[in-house]
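Each residue of the sequence shown is one higher than the one before, starting from -10 at the first, in our numbering. Everything below concerns the one structure shown next.
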Amino acid sequence: MEKTETKDQKPYNPKVGRPPKKVKRQSQLMVRLTENERFLIEEKARGAGMKPSAWFRQAAKKAKVLARFTPGDLTFLRMLSGMANNLNQLTRAAHREGLVTVQKRCRELLSDIDDILKKLRNDDR
């Protein structure tokens, strides 16, 4: 059999133990988990037939993490909050003055809310 040699390693002898790894992991990352998080990771790893560390590495490679809210999203959410306040005021006015007088304002507000929700949904992430 042919012997292979890499930098800083002795030649591989098939009669002496395990061959050297092609990729040696030298860096560590310490992660604090709750008991529940650890249990979930261990269960998912067991279900995949993997060690938790291998499952964690694989999940890190494939995971897609999205920012919670962009500055634009926050602007839209503030607008929605103001509209919710307006809707509450319209509801009170409808109880006082009757539904017919408030109907047009409600439809305009609902249309504005729908437009903002569409913008939030269509945001490329």
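Ideal Cβ positions, reconstructed from N, Cα and C, are used throughout, including at glycine.
Tell me whether the beta-carbon of residue i lies closer than 9 Å to the beta-carbon of residue j.
i	j	result
R67	L79	no
L106	L69	yes
Which same chain residues, not among the five before or five after residue i, have their C-beta less than 7 Å away from its C-beta?
i	result
L109	D62 and F65
Measuring alpha carbon to alpha carbon, tell me which of the options ends up nearest residue i.
i	options	result
D101	R81, L76 and L22	L76
V20	L88, A49 and V12	A49
Taking 6 Å as the limit between beta carbons, can you name the residues of its chain near residue i, skipping five residues before and five after?
i	result
R27	none
H84	none
A82	V91
G6	none
Quick check: what's the CA-CA separation for residue i versus residue j?
i	j	result
N74	E86	18 Å
D103	N111	12 Å
W44	G36	10 Å
L98	Q92	10 Å
R57	I30	23 Å
E32	K40	10 Å
P8	T59	49 Å
G38	R46	14 Å
K10	G71	60 Å
R96	E24	49 Å
A34	Q17	19 Å
V12	L22	27 Å
K51	K4	38 Å
Could you check if residue i belongs to the surroundings of the ligand SAH, using beta carbon to heavy atom distance under 8 Å?
i	result
Q92	Judged by which ligands are present, the structure shown has none, so any question about the ligand SAH falls away.
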